[in-house]
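Reading through the structure tokens given below for one structure.
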Amino acid sequence: MNTRQRGDAAEAAVLSALTAAGLAVWLPWSQFGACDLMVETPGGQLVRVQVKCGRLRDRCVLANCRSTDHGAGRQSYVGLVDVLAIHVPELRAQFVVPVDEAQGFEVRLRLEATRNGQARRVRYARDYSLEAWAAALVSPSVSPTASDDASPRRAHAAHEATR
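Here my numbering is used: the first residue of the sequence shown is 56, the next is one more, and so on.
Now the structure itself:
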């Protein structure tokens, strides 16, 4: 599968997951914009989404979080999109990361605890599930998962993406 086909498959998987979660999804007419799709919140706001195909490495989900602008180098998505939606084919799962949390060249979400017990600055994939993000958009006053310490932060990030 070439990169275009992988990107198309990732977009289709994210689109399917978002619509299954009960969200309205808008598709742009042109492929020249920064976002691949937009999600309409129950309040009518649009959330700009850039879809990425993730990969697994060292018990982590990795995804590029910069675009290549055909000769201009890698460009940040900050200010151009609100969130990155990452589809991981091997896991058949999607994750949503606010673009403000994707400042480097790649996003890294851990699938398991670190071997050395480090907790600071560690992002766990379970805290960024598309299902939890969608639930927070539909019911911003309800935490995506009650047992998760990151839930208030994730619900807040989902709500902030709609402003």
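Built from N, CA and C at the ideal position, the CB exists for glycine as well.
Where residue i falls, given that 16 or more other Cβ within 10 Å makes a residue buried
| i | result |
| --- | --- |
| residue 113 | exposed |
| residue 201 | For residue 201, the predicted model reports a pLDDT of 37, less than 50, meaning its position is unreliable; a value from the coordinates is still stated below. The residue in question, residue 201, is exposed, as its Cβ has fewer than 16 Cβ neighbours within 10 Å. |
| residue 111 | exposed |
| residue 300 | The question about residue 300 has no answer here: the residues shown for the chain are numbered 56 through 218. |
Closer than 7 Å: residue i CB and nearest the ligand GTP heavy atom
| i | result |
| --- | --- |
| residue 91 | The ligand GTP is absent from the structure shown, which contains no ligand whatsoever. |
Residue i versus the options, residue with shortest Cα-Cα distance
| i | options | result |
| --- | --- | --- |
| residue 64 | 165, 182, 106, 193 | 106 |
| residue 149 | 69, 104, 101, 158 | 69 |
| residue 120 | 173, 142, 100, 171 | 142 |
| residue 89 | 71, 116, 154 | 154 |
| residue 87 | 174, 181, 135 | 135 |
| residue 185 | 132, 91, 58, 75 | 75 |
| residue 95 | 168, 79, 174 | 79 |
Simplified DSSP assignment, three categories, for residue i
| i | result |
| --- | --- |
| residue 70 | helix |
| residue 132 | coil |
| residue 95 | strand |
| residue 173 | coil |
Beta strand (DSSP E) segment containing residue i, residue limits
| i | result |
| --- | --- |
| residue 111 | 110-112 |
| residue 153 | 148-153 |
Delimiting residues of the alpha helix (DSSP H) encompassing residue i
| i | result |
| --- | --- |
| residue 193 | 185-193 |
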